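Take 754 as the starting number for the sequence shown in this note's numbering and just add one per residue.
Glycine residues also receive a C-beta, built at the ideal position from the N, C-alpha and C atoms.
Computed from a predicted structure; not experimentally measured.
This report concerns only the one structure given below.
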Amino acid sequence: MNAPDRFELFIIPDGVKKITYTYDPKIDNAATFVIQKEDHSLGNLIRYSLLKEPQVIFAGYKMPHPLEHVVVLKVMTTKDTKPEAMVAKAINDSIAEVSHLRAKFVEELGRVRTQMAAAPDKAGEKDQDHEILHSTPQQAQPVQLRHQEPIVTPESSQPGVYLPNPNVDMDF
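Listed below in C-alpha cells is the structure:
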C-alpha cells in the first residue's frame with residue numbers, strides 16, 4: 754500500500770519547530786502561523802478562541818492538503834495588539850477550557866458512580882449501566898456486531914452484495 758507510516762502523523766522531524774510564524778508585510782498587525790502535525794480539530798479550536806476576543810479582527814485557518822498534517826492559521830489584530838500574543842492567549846484559554854471540561858466530567862462521573870453504588874441491585878444482579886460505570890476504560894468490552902452473510906438474490910447475482918433481508922433483525 755502507498756500510505757504513509759502512521760507515526761508521520763504526529764512525530765515532528767528533527768530541526769522542525771511545532772509552531773512558526775511570519776508577519777504579513779502588506780497588512781499591519783497580521784501574521785501567518787504554521788502549526789506542524791495538527792489537523793482541523795486544533796485549527797478550528799484556536800480559530801474559535803481567537804474570534805471570541807475583541808482585539809482580533811480576522812482569524813482563519815486552512816489545511817493546504819488533506820494528506821499533510823499542517824495547519825496554516827492567519828490572524829489580524831487591532832493596532833495595539835500583536836497577533837502572537839492573541840494566539841498565545843487563545844491557546845491558553847483553550848487549555849483552561851478543556852481542563853475545566855475534564856474536571857466537570859470527572860466530577861459528574863464520581864457523582865453518578867456514588868449514586869449507582871448507593872442504589873440497590875435489581876434482583877441481586879448488576880445492570881449493564883452499573884458494570885459500565887464501574888469498569889475502567891481498559892476493561893470495557895467492545896460492542897459485538899452480528900455478522901451478516903452476503904445475500905445473493907435474482908436482482909443481485911453477485912455474491913458480496915448486501916441487500917436488506919426482512920427476516921434479519923438489523924437493530925444493533
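Other residues of its chain near M839: CB distance less than 7 Å, five sequence neighbours each side excluded: Cβ neighbours of M839 beyond the five flanking positions: L803, E806, Q808, V809, V828 and T830.
Neighbour-count burial assignment, I799, 16 or more Cβ in a 10 Å radius: Burial state of I799 is buried, judged by a 10 Å Cβ sphere holding 16 or more other Cβ atoms.
What three-state label does DSSP hand V769 in the structure shown? If DSSP states are grouped into helix, strand and coil, V769 belongs with coil.
Is G768 buried or exposed, if buried means 16 or more other CB atoms sit within 10 Å of its CB? G768 is classed as exposed because its beta carbon has fewer than 16 other beta carbons within 10 Å across all chains shown.
Tell whether a beta-carbon distance below 8 Å holds between D781 and K832. Here D781 is near K832, since their CB atoms are less than 8 Å apart.
Close beta carbons around Q789, own chain, < 7 Å, minus the five adjacent residues each side: Only I765, V769, K771 and V823 meet the Cβ criterion.
Outcome for G863 when other beta-carbon atoms lying within 10 angstroms are tallied against a minimum of 16: Exposed, because fewer than 16 other Cβ atoms sit within 10 Å of the Cβ of G863.
Residue span of the beta strand (DSSP E) that contains Q763, given as start and end: A small fix is needed here, since residue 763 is Phe in this sequence, not Gln. Neither: F763 is in no beta strand (DSSP E) and is coded neither H nor E.
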